[in-house]
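As structure tokens, the structure follows; a few thoughts come after it.
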Amino acid sequence: SDTKTAELKLDSMQCMMCSMSVEEAVADLEGVSKVEIDLKGKSGKVTYKASLIDFPAIEKAITSIGYSVNDKKADPDAYANLELCCKMPEGQ
């Protein structure tokens, strides 16, 4: 089967709004069948069909809306446009 599950490390998530945004961005991707986000653990899991989408494309969907994932940095312009409650506390 070409169904894969991958871990997401979501260190920059701050609040429920963040986790919902990330969940929606990933769930909307073609080939993604399931996404679970754990706000407290700042992590997540995504289940997807490798024939339809690859993992870097899933990571890009997250960085493009302003969140870092695994070792990929958030898009700086998207991050700048996030609500204040979704930004990292200053100095971190």
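Start counting the sequence shown at 51; every next residue gets the next number (my numbering). Idealized CB from N, CA, C, for every residue including glycine.
Selected residue, minimal CA-CA separation from residue i, among the options
i	options	result
V76	A128, V96, K90 and M63	V96
E80	S101, T55, E140 and C135	S101
I108	M66, V72 and M67	V72
C135	D121, Q64, K54 and E57	Q64
Y129	E74, L89 and C68	C68
E86	K110, M138, T55 and S114	T55
K92	M70, S51 and K110	M70
Cβ pair residue i, residue j closer than 8 Å
i	j	result
S83	K99	yes
Sequence-distant residues of its chain with Cβ nearer than 7 Å to residue i (five each side left out)
i	result
S118	D61, S62 and A124
L146	Any question about residue 146 goes unanswered here, given that the chain covers just 51 to 142.
I112	V72, A75, V76 and V119
Proximal residues to residue i (C-beta, below 8 Å), its chain only, five neighbours per side dropped
i	result
T53	S83, T97, Y98, K99 and A100
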